[in-house]
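Here is the structure we will look at.
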Amino acid sequence: MDERNDISRIEEKWQKIWDEKHIFEANPDGRKKYFATYPYSYMNGLPHIGHAFTCLRVDFESRYKRMRGFNVLFPFAFHCTGLPIVAAAARIRDGEKRQLKIMRDMGIPGNEVERFSDPVYWTEYFPKRWESIMRSVGMSIDWRRKFITTSLNPQYDSFVKWQFTRLKEKDYVRKGSHPVIWCPKDSIPVGDHDRLSGEGETPTEYTLLKFRLEDGRFLVAATLRPETAYGQTNVWINPTVDYAVADRDGEKWILSPDAVGKLDQQGVRLVEAGRVKGREIVGAMAYSYTMEANIPVLPAVFADPAKGTGIVSSVPSDSPDDYIALLDLKKSASSGKLDPALSKIVSKIHPIDIIETPGYGTLPAKRVVEKLKIINQDEKEKLEEARQEIYREGFYKGRMLSGLRDVGGLPVDRAREKIKSDMLKKGQAAVMYEPSGEVVCRCLTKCIVKVVENQWFLAYGDEGWKKRAHAAVSRMNFYPGFLDRQFDNVIDWLKDWACVHHTGLGTSLPWDENWKIESLSDSTLYMAYYTISLHLSRSSGWKGVPDDSFYDYIFLGKGEPQKVAANNGIRKNELEAMRREFLYWYPLDLRVSGKDLVGNHLTFALFNHAAIFPEDQWPKAYGVNGWITISGSKMSKSAGNSLMLHTALEKYGADITRLTEAYAGEGFDDPNWDEDFAESCWRRLSQMREYASSLSALPAGRKDDVDRWFISTIGILYRNYIENMEGLLFKSAVKAALIDMQNALKWYSRRKGGKLNGEAGSMFARLQTLMMAPFTPHMCEEIWHAIGNSSSVCLEILPEPDSFEVSEDAILREGYLEDVINDVDEIVKVTGIKPKGIYIYTCAGWQADMLSLEISGVKDRERRSGLTSGVAKAAVDRFFKKLATERGQGKLQIRAKVAETLDEKAFLNSSVEFLEKELKAKVVVQRAGEEGMNDPAGRSANAFPGRPAIYVE
RNA sequence: GCGAGGGUAGCCAAGUCAGGCCUAAGGCGGCAGACUCAAGAUCUGUUCUCGAAGGAGUUCCACGGUUCAAAUCCGUGCCCUCGCACCA
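See the structure below:
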């Protein structure tokens, strides 16, 4: 295909030249700087058009700022920290089919796949692929500054260690315990990437409630809803199950043997001392601390020893399971199947109202059981549905009844916390975790929850730190603007963050080498590292690994340069130059990411900057965008509509890919990759190239009003473009630079009958090329050189927005002419007449004067009657009637303006040739009421200032 | 439930903060015409309804209000998307 070859030829040519001339390599100089970044991507796959969308936003803005005279730094790096790479490598080692297919889909040949069983190979392979793809899409990146993360890069590693050392000093890294999903066989935490099933399941917290039996032992029941403890009527135990009797600090606890094992992993020491059959306890009485009374222990088959403790406190008012179990038992009792003593107890049990939930009343369990027509305990699915429904409703909307001790009137969520913490304090309860759903490790073992002790946290819950993060938000700009509210909220709800792992790639905690820093925690400050990475990289020749004093000096200005330089084996002036380079580039001017990073990375970065740097080094702006869709539907591999960047590049080339991305959308909404638009781009670009050449070759000459209109119009579009570029509104900018500019040129060309003014023409060609350069830089270089320039368009300085002469009059005139043509077209269309002659009647002179008086609010009666003397009363009435209508439509101002600035008749007469061509008929222009007027249908009476009458014959 | 955003023509989307040439930009799709043997591509026109005179009518989630004037401001309701984490 010719055009595809054309595209490749152009793009390869310019990319080579940019590279050879080092034009995107940024070094400090006397210019003002602009530092923009994209959060480095994770190296477990190749970029798709969603990555490209976000990254291109940085590129568009970087290229634009470069053309506004800024010294722009746009660096890139490769994130390798964490579990996914290690997990995927392991899957390859195991020959897992799905993983092998993923590798094939990324274009990795079968005989090479084996090499990916080593995680380190990923960190070599994918950065190379990413760089090459990012280069071929034309990213204006300073590649000298690239690096990979983890201990595989000792310099970066030392930077992260320095960061954590400083955070620890400020007491922002703290020790605590933390529940994780855990594989008992492998003895490791099992992240989503290591799971065979159960992705997304997290530890959930059960409260263990103790019930004292008369013999002094405790039944230990597990509940997710401690706030219902005031509604207990009895305790459920499974008669067929063997329960463990375990020693806990001198107490005897009765609970399922599974639970003993689980609690052991969660720091609750239990020593099993014997077994007891469930049925042996049925019928006993157990003391409830919340009810302050003894309640009976009753049999229930739904009490599952694999879940919780296998013992359940019964709250038939709010738990559908309890309610239906109670009904079952009552049925057995009345049919005589139950022991008579038990029957007597059962008959006395009634649900107790404790919570009012809108729409469910005070006995939601009864309500939902009846609604779903649940008959007995065996209907597991329906019960699950019932549980889901009222747990959610009850938790969010429910309120404790006012008479309840301690928690009367509280919303359910607060009551839960209060009851739980009160009971824990009094030793009446304990905590146990279970996975929220079944999780199976890749080793086929069912996972449990383990409470990891001595876990390290970043103290994002710390109030003082939050305050600094809020301060950072208040100093920043956001695109779109409402994001400040979003970030403030994220900062408020953020709690301490477990920041280390035992597995995966990464940097070790400097004071505890057994821990690896987790991937969202090692990437919060590295933007600063870019400013000097060039001097640290292995290619720079310095092989040493910096120590903490080095970073203290570079980033914080602390320490004696002489000493620091000596310690690190470099020259003092080199060290000082690095410090200067950091100070030159920092703070970060812009960081752009997808909206998925708002709740973590972007906020973490604010916290970390706020912790370590002074205010004036905090980030200055964040841009956030949505997730890309393809022709309207979500991008997903399984649905078969995912588009890898290199695939798009093969199909369309860089410029069209870039343009389609720019046009995909802006703001926070999900952008849309429009395949049809992409298809139409080549035509647009080649047209742009063709007329740029021909416009630049035109002879200059005196400019007329139409030329002035054209220059005014492109001046206005240019201002609009600048505004949009400043606001990261690239779709609007493309519309102005490409589509609106082209439409303006079309009208101009028609209006001038093809005889365009050379000065206006080359102004247009030059301006449009500059405006489009951030989006389609390759084609614009091509055009830029074709129209006689030898410099790179990427470094050309854009004109000042107010440097264009905008003539309001010229714009008014052309609008007026267009209106006249539209009116005639409308008449022709409605009447179906094939026009032979068109008569246009401009208004009588008195009308224009009268309109001026009206507009300016002059009430001078004499002047008014003077104007209309000799004019028929009918005509005057008609004029005022029309005036009222036009006023109602809000068009009076513009009419008056036309009438004041324009001799309508003379102007239309000067454009008769054009009108005749446009309207394909003879055109006669007359003033209403003038001598010798030809007005066969009497239409001239319709004339109004700024709106001539028309007759079509 | 809390937090953030949103609901505009066949679809996508601008306009809303600063009410008035707003029947509402632009793109896509559709329709018609030109070119062509034909198709595609391209170009031109058109795309809420009615209309043989540039007009009228009805629209911007729904209902109510403010105003000479509301897609835009205020109130109420309905609906949708995203986040609520230990993971990139």
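Following the numbering used here, the numbering of the first sequence begins with 83 at its first residue and continues without gaps. Glycine is no exception: its CB is placed at the ideal position from the N, C-alpha and C atoms. Please read these numbers as outputs of a predicted model, since none were measured by experiment.
Burial state of residue i (16 or more Cβ within 10 Å)
i: Ile1060; result: The chain is shown only over 83 to 1035; residue 1060 falls outside these bounds and no answer can be derived.
i: Asp758; result: exposed
i: His1047; result: Lying outside 83 to 1035, the shown extent of the chain, residue 1047 is not represented and no answer is given.
i: Phe246; result: buried
i: Cys529; result: buried
i: Gln1047; result: No statement about residue 1047 is possible, as the shown extent of the chain runs from 83 to 1035 and does not include it.
i: Gln470; result: exposed
i: Trp212; result: buried
i: Thr913; result: exposed
i: Gln769; result: exposed
i: Cys581; result: buried
i: Asn806; result: buried
i: Glu102; result: exposed
i: Ser395; result: buried
i: Arg173; result: buried
i: Ile436; result: buried
i: Asp187; result: exposed
i: Glu309; result: buried
From the options, residue whose alpha carbon lies closest to that of residue i
i: Ala170; options: Tyr203, Arg148, Lys147 and Arg145; result: Tyr203
i: Arg895; options: Lys813, Ser794, Asn825 and Ala815; result: Ser794
i: Ala382; options: Ile431, Asn376, Thr322 and Asp421; result: Thr322
i: Pro562; options: Val358, Trp318, Glu471 and Asn707; result: Asn707
i: Pro1044; options: Val219, Met185 and Glu805; result: Because the chain is modelled from 83 through 1035, residue 1044 falls outside the range shown and cannot be assessed.
i: Ile92; options: Glu864, Lys828 and Ala326; result: Glu864
i: Lys548; options: Ala954, Gln568, Ile573 and Glu600; result: Ile573
i: His584; options: Gly485, Pro271 and Leu767; result: Pro271
i: Phe1013; options: Arg946, Ala981 and Tyr923; result: Looking at the sequence provided, one finds Glu at residue 1013 rather than Phe. For Glu1013, the nearest C-alpha among the options comes from Tyr923.
i: Asp678; options: Asp751, Val522 and Pro236; result: Asp751
i: Ile363; options: Leu526, Glu882, Gly676 and Phe293; result: Phe293
i: Glu520; options: Gly132, Ala868 and Glu283; result: Glu283
i: Trp791; options: Tyr635, Ala815, Trp579 and Tyr830; result: Tyr830
i: Val168; options: Gln97, Trp597, Asp200 and Lys837; result: Asp200
i: Pro1027; options: Val1034, Val980 and Val1005; result: Val980
i: Val327; options: Lys430, Gln348 and Lys359; result: Lys359
i: Arg766; options: Ile501, Leu820 and Lys716; result: Leu820
i: Leu880; options: Arg801, Gly273 and Lys911; result: Arg801
i: Ser401; options: Glu354, Glu374 and Glu452; result: Glu452
Integer Cβ distance of residue i from residue j, believed to fall under 8 Å
i: Asp822; j: Thr589; result: The pair is not a contact, with the Cβ atoms about 50 Å apart (cut-off 8 Å).
i: Leu602; j: Asn682; result: 6 Å
i: Val397; j: Asp404; result: 5 Å
i: Ile636; j: Arg661; result: 5 Å
Is the stretch 654 to 674 close to the stretch 698 to 709, with three or more CB pairs under 8 Å?
With three or more CB-CB distances shorter than 8 Å, the stretch 654 to 674 counts as touching the stretch 698 to 709.
Would you check if there are 3 or more beta carbon pairs closer than 8 Å linking the stretch 727 to 744 to the stretch 682 to 697?
With the cut-off at 8 Å, the stretch 727 to 744 and the stretch 682 to 697 do not touch.
Does the count of Cβ pairs from the stretch 154 to 169 and the stretch 107 to 119 closer than 8 Å reach three?
Proximity of the stretch 154 to 169 to the stretch 107 to 119 meets the contact definition, three or more beta-carbon pairs being nearer than 8 Å.
Which runs of the beta strand (DSSP E) spanning at least 3 residues fall entirely within the stretch 215 to 297, listed in chain order?
As for any beta strand (DSSP E) of minimum length 3 sitting wholly inside the stretch 215 to 297, the runs are 255 to 265, 277 to 279 and 285 to 295, ordered along the chain.
Hey, is the stretch 919 to 930 in contact with the stretch 880 to 890, meaning 3+ C-beta pairs nearer than 8 Å?
No, the stretch 919 to 930 does not touch the stretch 880 to 890.
For the pair the stretch 433 to 442 and the stretch 465 to 479, tell me if three or more CB-CB distances fall below 8 Å.
Verdict: yes, contact present.
Which ranges would you report for the alpha helix (DSSP H) in the stretch 591 to 638 if only whole runs of at least 4 residues count?
As far as the stretch 591 to 638 is concerned, its whole alpha helix (DSSP H) runs of at least 4 residues are 609 to 618 and 630 to 638.
Under 8 Å, with one C-beta from each stretch per pair, do the stretch 280 to 291 and the stretch 512 to 531 reach the 3-pair mark?
Under the three-pair Cβ rule at 8 Å, the stretch 280 to 291 counts as touching the stretch 512 to 531.
So does the stretch 981 to 1001 actually touch the stretch 893 to 909, counting three or more Cβ pairs closer than 8 Å?
Result yes; three or more Cβ-Cβ pairs closer than 8 Å.
Do the stretch 296 to 313 and the stretch 378 to 394 meet, that is, are 3 or more Cβ pairs less than 8 Å apart?
By the criterion of at least three beta-carbon pairs nearer than 8 Å, the stretch 296 to 313 is in contact with the stretch 378 to 394.
Does the stretch 1005 to 1024 come within contact of the stretch 843 to 851, defined as at least 3 CB pairs closer than 8 Å?
A contact between stretches requires three or more CB pairs, one per stretch, nearer than 8 Å, and the stretch 1005 to 1024 fails this requirement with the stretch 843 to 851.
On the three-pair Cβ rule with 8 Å, is the stretch 931 to 939 touching the stretch 965 to 977?
The stretch 931 to 939 vs the stretch 965 to 977: in contact.
Looking at C-beta atoms only, is the number of pairs between the stretch 253 to 268 and the stretch 531 to 542 that lie closer than 8 Å three or more?
Touching, yes.
Given 8 Å, three or more beta-carbon pairs between the stretch 648 to 660 and the stretch 624 to 636:
Verdict: yes, contact present.
Mind listing, in chain order, the continuous alpha helix (DSSP H) runs of no fewer than 4 residues lying wholly within the stretch 457 to 536?
You should have 462 to 479 and 494 to 507.
Give, in chain order, every unbroken run of the alpha helix (DSSP H) that is at least 4 residues long and sits entirely within the stretch 758 to 831.
Restricted to the stretch 758 to 831, the alpha helix (DSSP H) segments that are unbroken, complete and at least 4 residues in length are 787 to 808 and 812 to 816, listed in chain order.
Any contact of the stretch 491 to 498 with the stretch 411 to 429, i.e. 3+ C-beta pairs under 8 Å?
When Cβ pairs closer than 8 Å are counted between the two stretches, the stretch 491 to 498 is seen not to touch the stretch 411 to 429, the count staying below three.
Could you tell me which uninterrupted beta strand (DSSP E) segments, each at least 3 residues in length, are contained entirely in the stretch 894 to 935, listed from first to last along the chain?
Counting only unbroken stretches of 3 or more residues, the beta strand (DSSP E) elements lying wholly within the stretch 894 to 935 are 919 to 924, in sequence order.
For the stretch 389 to 422, list the beta strand (DSSP E) runs that are entirely contained and at least 3 residues long, ordered along the chain.
Taken in chain order, the unbroken stretches of beta strand (DSSP E) that lie wholly in the stretch 389 to 422 and span 3 residues or more are 393 to 396.
Mind the definition here: the stretch 866 to 876 touches the stretch 769 to 781 only if three or more C-beta pairs lie below 8 Å; say whether that holds.
As far as the Cβ criterion goes, the stretch 866 to 876 touches the stretch 769 to 781, which means the pair count is three or higher.
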